[in-house]
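Notes for the one structure printed next.
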Amino acid sequence: MLTGIEEVDWASLGHAYGPADDVPELLRGLASADPAERETALDGMYGAVHHQGDVYDSTLACIPFLLELVADPGVRDRGGIVELLTSIGGIELDDEEELGEHPGEDGEFIPAANYAMAAAAIAAGAGVFLGLVSDPDPEVRLAAPCALASLHPEPARVLTLLRERLTVERDTEVRLALVAAVGQLALRHASLRAETVEWLGWLARAAQDPGLRLAALAQRARCAPGEIPDDVVPWVTGLLEEIRTASAAGTGPGTPRGAAPTLIGQVREFLEEHAAGRPAPWTEELLRTLHAALDDRVDDRIALVLAQLRSPDRWQRADAIWLCGSLIRVWRGRYEEVVRLVGEQLHDPEPRLREAATSFLERLFELGAPAADALAARLASAPPGPAGGYGAVGRSGREGALIALARAGDIRAVPLLARALEGEDEVRRELLYATDGLGPSAAMLAPALRRRLARVELDERLYDRAAPLLHALAAVRGAQALPEVLRVLRSAPANRRDRVREAALRTLAAFGPAAREAVPELRELLAEESAAVSAAAARALWAAEEDAAEVLPALERWLRPGLPDADRCAAARVLGEIGPAAASAAPALRPALASRDPWVRVRAAAALWRVTGETEEVLPVLLAAWEENRHVRVDIAECLAEMGPAASAAQLVVLTELTRRRRHNAREGGSGTHDVHLDEKLLTLCRAALARMERGAY
897 MLTGIEEVDW
907 ASLGHAYGPA
917 DDVPELLRGL
927 ASADPAERET
937 ALDGMYGAVH
947 HQGDVYDSTL
957 ACIPFLLELV
967 ADPGVRDRGG
977 IVELLTSIGG
987 IELDDEEELG
997 EHPGEDGEFI
1007 PAANYAMAAA
1017 AIAAGAGVFL
1027 GLVSDPDPEV
1037 RLAAPCALAS
1047 LHPEPARVLT
1057 LLRERLTVER
1067 DTEVRLALVA
1077 AVGQLALRHA
1087 SLRAETVEWL
1097 GWLARAAQDP
1107 GLRLAALAQR
1117 ARCAPGEIPD
1127 DVVPWVTGLL
1137 EEIRTASAAG
1147 TGPGTPRGAA
1157 PTLIGQVREF
1167 LEEHAAGRPA
1177 PWTEELLRTL
1187 HAALDDRVDD
1197 RIALVLAQLR
1207 SPDRWQRADA
1217 IWLCGSLIRV
1227 WRGRYEEVVR
1237 LVGEQLHDPE
1247 PRLREAATSF
1257 LERLFELGAP
1267 AADALAARLA
1277 SAPPGPAGGY
1287 GAVGRSGREG
1297 ALIALARAGD
1307 IRAVPLLARA
1317 LEGEDEVRRE
1327 LLYATDGLGP
1337 SAAMLAPALR
1347 RRLARVELDE
1357 RLYDRAAPLL
1367 HALAAVRGAQ
1377 ALPEVLRVLR
1387 SAPANRRDRV
1397 REAALRTLAA
1407 FGPAAREAVP
1417 ELRELLAEES
1427 AAVSAAAARA
1437 LWAAEEDAAE
1447 VLPALERWLR
1457 PGLPDADRCA
1467 AARVLGEIGP
1477 AAASAAPALR
1487 PALASRDPWV
1497 RVRAAAALWR
1507 VTGETEEVLP
1517 VLLAAWEENR
1527 HVRVDIAECL
1537 AEMGPAASAA
1547 QLVVLTELTR
1557 RRRHNAREGG
1567 SGTHDVHLDE
1577 KLLTLCRAAL
1587 ARMERGAY
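Numbering (the working numbering) for the sequence shown: 897 to 1594.
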């Protein structure tokens, strides 16, 4: 086994962490009789030789030995090696990428040719995968279909083999992998698509196993999204009900393999925990595939989620929550009933379902209102805690429910948050940042916030500890905390000093005239060399005294062309807040309308409107930036809503935004905590702007 491994000069080759002289030991470890050693070796291959998907010269040198290990039936856990080979050889580059280099660890660059050579080398030896579809080891059979679909150079032959194997395969997950590989072939090879789509359509109706029918339906939708039938929701719902009734009430615990201090082991344990107790854990991935194919058919996707949320099977309800998370982050729609039904899951005895529901609701902000009663009931059902402690909040997961309730703007969160603040435990920063949506009732939080701020140590962690408290004090207008805020402002340590002072100054600005005691320090800070601090000081000084002559020179100096964009934005924003009293700053704002940065243009244009009321210069700048950068649209819509009839030239732009189904800030592969909230804010502002424009037309 591993013939010729000593003939390779491994020390002259490299991987993510330097010379590859440790690779022979990893390869031998893959063939070890000890399962822990095999797992450690596989983890090392992913961690160094194929680090984050990179292909090094040592990766290329490993390929013949990995193929040899896969072909040897005496080697255990070969399924993991098949998956490793699939990953190494399955990276596809476009023409431009193939000509360049790819960044690797520590700034090094990996020739793109390595990826092409890896694919070619594995394709040349891909015949070994053909026999693996009938291997005695189900884990090998599970990995083989994807390897064949991705790497074998004869797709028609592979398609025939996969379809034939499906007629005799008895393992459910392997059968699903075979169908998924057939779909993958159809996507990769247009010449096979029509035939495959027809076969998948037949399988979706003819197969006896409802799971297999669902898999075929999902793959057919993936390959031919334009041909998804109108009755897809009742069809899928019926299949899910068949799967539920056909499955056992639960699955017995699997044989534990033992914990391993490896990333591979941690992933394995996570997946095992996720699937524990679920009779059909594979339905989640099938539904994810189907949702991806349905794409912008939002009403169908919502209907499917609603059907799952009403299922007697808690795991179908859990799947619905996980799938709806990605749906609501990308697409606008009528989610009221979805949110209400997710709220009902907070009372389920299964902790994983409750956790999924809480996590989903935390990110909804105002969209979480239909679940407010369920959230409040969940918090009220908590056992009483120690005096002065969290009580109904704690670190038990109920804290997430409180965050969701507060972000929804429900005042029932206020007394619970007050109790949390009175305790000794640390309060999650998200709770403190949620106070600005709680309205006047949150004023009762000010004394507790003040006491918390007074206890914050003035050390290197001051910003992390004080900034959320300062934000909350600003939100509740807790001016009685002025001495504590000034303590932070005056004693900020060198580490992140400007950010600490900026946060404190924002709070002083919220206090308005009640912060007059701070005026001498505010005047001093106007001359700071940090634009953020200087502008924040100007804002606070204006709020305290409303003397424009004192603050305008300090702001105008940060508007000069050539200064950093962030500096110009900070100054323009404060000038806009000052409004007509800053009209004399208009000449300093106008050059910023021609900035290359859209944020500078938008902030300057909005400020110019607010200080002068002029639209002739402002509207073209705002509308051009709207099309150039979707992330500036919230700021622009806010300005258009203020303009009202004067912004009538933007009516079509606003109407178009309101008719879009996709959220303006939707991102592929990720999202921010506030993305949905910001998009809903954009829609609210657009409706307000449109209403004011229409009123002005009559």
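C-beta: ideal position from N, C-alpha, C; glycine also.
Since the structure is predicted, the reported quantities are computational estimates derived from the model, not experimental observations.
*asked:* Quick test of your reading: Leu1223 and Arg1197, contact by CB under 8 Å. State the CB separation rounded to the nearest angstrom.
replied: Numbered from 1 along the sequence shown, position 327 holds the residue referred to as residue 1223. Numbered from 1 along the sequence shown, position 301 holds the residue referred to as residue 1197. Between the beta-carbon of Leu1223 and that of Arg1197 there is about 6 Å, and that keeps the pair under the 8 Å contact cut.
*What separation, rounded to the nearest whole angstrom, lies between the Cα atoms of His1085 and Ala1267?*
Position 189 of the sequence shown holds residue 1085. Position 371 of the sequence shown holds residue 1267. Computed Cα separation, rounded: 46 Å.
*asked:* Measuring alpha carbon to alpha carbon, tell me which residue in Leu1334, Pro1460, Ala1542 is nearest Glu1262.
replied: Here residue 1262 refers to the residue found at position 366 when the sequence shown is read from its first residue. Per the Cα distances, Leu1334.
*Would you report the Cα separation of Glu1137 and Pro1106, rounded to the nearest angstrom?*
Numbered from its first residue, the sequence shown carries residue 1137 at position 241. Numbered from its first residue, the sequence shown carries residue 1106 at position 210. Whole-angstrom Cα-Cα distance: 9 Å.
*Mind checking Leu1110: buried by the 16 CB within 10 Å criterion, or exposed?*
Indexing the sequence shown from 1 puts residue 1110 at position 214. The residue in question, Leu1110, is buried, as its Cβ has 16 or more Cβ neighbours within 10 Å.
*Take Ser1030 as the anchor and find which of Arg1066, Leu1354, Ala1433 has the nearest alpha-carbon.*
Taking the sequence shown and counting its residues from 1, one reaches residue 1030 at position 134. With distances taken between Cα atoms, Ser1030 lies closest to Arg1066.
*Just reading off the alpha helix (DSSP H) that Arg1329 is part of, what are its end residues?*
As a working note, residue 1329 is residue 433 in the sequence shown. For the sequence presented, residue 1329 should be read as Tyr rather than Arg. Taken as a continuous stretch (DSSP letters only), the alpha helix (DSSP H) holding Tyr1329 covers 1325 to 1329.
*Taking the alpha carbon of Arg924 as the point to measure from, which residue in Ala944, Leu898, Asp1575 has its own alpha carbon closest?*
The residue labelled residue 924 in the question sits at position 28 within the sequence shown. The residue with the shortest Cα to Cα distance from Arg924 is Leu898.
*When the Cα atoms are used, what is the spatial distance from Arg974 to Pro1032?*
Your numbering for residue 974 matches position 78 in the sequence shown. Your numbering for residue 1032 matches position 136 in the sequence shown. Using only the alpha carbons, I get a separation of about 11 Å.
*Would you report the Cα separation of Val1381 and Leu1358, rounded to the nearest angstrom?*
Mapped onto the sequence shown, residue 1381 falls at position 485. Mapped onto the sequence shown, residue 1358 falls at position 462. Cα to Cα, the separation comes out at about 12 Å.
*Answer yes if the region 1563 to 1571 comes into contact with the region 1519 to 1536, meaning at least three C-beta pairs across the two stretches below 8 Å, and no otherwise.*
no
*For Leu1451 versus Ala1433, is the C-beta distance shorter than 7 Å?*
Within the sequence shown, numbered from 1, the residue matching residue 1451 stands at position 555. Within the sequence shown, numbered from 1, the residue matching residue 1433 stands at position 537. No, Cβ-Cβ distance for Leu1451 and Ala1433 is not below 7 Å.
*Using the beta-carbon count (16 or more within 10 Å), is Val1064 buried or exposed?*
In the sequence shown, residue 1064 corresponds to position 168, counting from 1. It counts as exposed.
_Contact set for Gly1408: own chain, Cβ-Cβ below 7 Å, skip 5 residues either direction_ = For this step, residue 1408 is matched to residue 512 along the sequence shown. The residues are Ala1439, Ala1440.
_Counting beta carbon pairs with one atom in the region 1084 to 1099 and one in the region 1008 to 1021, are three or more of them shorter than 8 Å?_
no
*How many Å lie between Ala1300 and Ala1214 at the Cα?*
Position 404 of the sequence shown holds residue 1300. Position 318 of the sequence shown holds residue 1214. Cα-Cα distance, rounded: 18 Å.
*Indicate the three-state DSSP secondary structure (helix, strand or coil) for His911 in the structure shown.*
Reading the sequence shown from its first residue, position 15 is the one you call residue 911. Note: His911 maps to strand in three-state DSSP.
*Measuring alpha carbon to alpha carbon, tell me which of Ala1363, Ala1309, Glu1320 ends up nearest Leu1595.*
This structure cannot settle anything about residue 1595, because the visible part of the chain is limited to 897 through 1594.
*Taking the alpha-carbon positions, what's the Val945 to Ile977 distance?*
Counted from its first residue, the sequence shown places residue 945 at position 49. Counted from its first residue, the sequence shown places residue 977 at position 81. Looking at the backbone, the Cα of Val945 and that of Ile977 are separated by about 13 Å.
*Could you tell me how far apart the beta carbons of Pro1121 and Asp1209 are, in whole angstroms, since I believe they sit closer than 8 Å?*
Translated into the one-based positions of the sequence shown, residue 1121 becomes position 225. Translated into the one-based positions of the sequence shown, residue 1209 becomes position 313. Incorrect: roughly 27 Å between the Cβ atoms, too far for contact.
*asked:* Tell me the residue span of the alpha helix (DSSP H) that contains Asp1360.
replied: Locating residue 1360 in the sequence shown gives position 464, counting from the first residue. Element bounds for Asp1360: 1358 to 1372.
*Spatial neighbours of Arg1118 in its chain, beta-carbon cut-off 6 Å, leaving aside the 5 residues before and after*: Indexing the sequence shown from 1 puts residue 1118 at position 222. Cβ neighbours of Arg1118 beyond the five flanking positions: Gly1079, Thr1185, Ala1189.
*asked:* Given the structure, does Arg1193 come close to the ligand ATP, in the sense that its CB is under 6 Å from one of the ligand's heavy atoms?
replied: For the ligand ATP, the structure offers nothing, since it holds no ligand at all.
*asked:* Using 7 Å as the threshold, is the C-beta distance between Ala1045 and Thr982 below it?
replied: Against the sequence shown, residue 1045 aligns to sequence position 149. Against the sequence shown, residue 982 aligns to sequence position 86. Not closer than 7 Å, so no.
*asked:* By DSSP's criteria, Arg1558 is part of a beta bridge. Which residues make up the other side?
replied: Within the sequence shown, numbered from 1, the residue matching residue 1558 stands at position 662. Paired residues: Trp1227.
*asked:* Closest to Val1396 by C-alpha separation, out of Val971, Val1384, Leu1404, would be which residue?
replied: One-based indexing of the sequence shown puts residue 1396 at position 500. Selected option, being the one with the closest Cα: Val1384.
*Measuring CA to CA, which of Gly1264, Ser1255, Glu1258 is closest to Glu1232?*
On the sequence shown, residue 1232 is found 336 positions in, with the first residue counted as 1. Taking only the C-alpha atoms, the option nearest Glu1232 is Gly1264.
_By alpha-carbon positions, which one of Ser1143, Leu1062, Trp1227, Gln1204 ends up nearest to Arg1193?_
For the purposes of this step, residue 1193 is identified with residue 297 of the sequence shown, where counting begins at 1. The shortest C-alpha separation from Arg1193 is found at Trp1227.
_Of the residues Arg1101, Asp1244, Leu1271, the one placed nearest Leu1257, counting alpha carbons only_ = Taking the first residue of the sequence shown as 1, we reach residue 1257 at position 361. Of Arg1101, Asp1244, Leu1271, the residue nearest in Cα terms is Leu1271.
_Extent of the continuous alpha helix (DSSP H) run through Ser1255_ = Translated into positions along the sequence shown, residue 1255 becomes position 359. Start and end: 1247 to 1258.
*Measuring CB to CB, does Leu1471 end up less than 7 Å from Ala1482?*
On the sequence shown, position 575 is the one that residue 1471 refers to. On the sequence shown, position 586 is the one that residue 1482 refers to. Not in contact: Leu1471 and Ala1482 (Cβ atoms no closer than 7 Å).
*asked:* Assuming contact is defined by CB atoms lying nearer than 7 Å, are Asn1391 and Glu1353 in contact in what I supplied?
replied: Taking the sequence shown and counting its residues from 1, one reaches residue 1391 at position 495. Taking the sequence shown and counting its residues from 1, one reaches residue 1353 at position 457. Result no, Cβ atoms of Asn1391 and Glu1353 do not sit closer than 7 Å.
*Would Glu1590 be called buried (16 or more neighbouring beta carbons within 10 Å of its own) or exposed?*
In the sequence shown, counting from the first residue as 1, residue 1590 sits at position 694. Exposed: under 16 other Cβ atoms inside 10 Å.
_Proximity of Gly940 and Leu922 at Cβ, strictly below 7 Å_ = Position 44 of the sequence shown holds residue 940. Position 26 of the sequence shown holds residue 922. In this structure, Leu922 lies closer than 7 Å to Gly940 by Cβ.
*Provide the residue span of the alpha helix (DSSP H) that contains Gln1204, from first to last.*
In the sequence shown, the residue the question calls residue 1204 occupies position 308. Note, Gln1204: alpha helix (DSSP H), 1194 to 1205.
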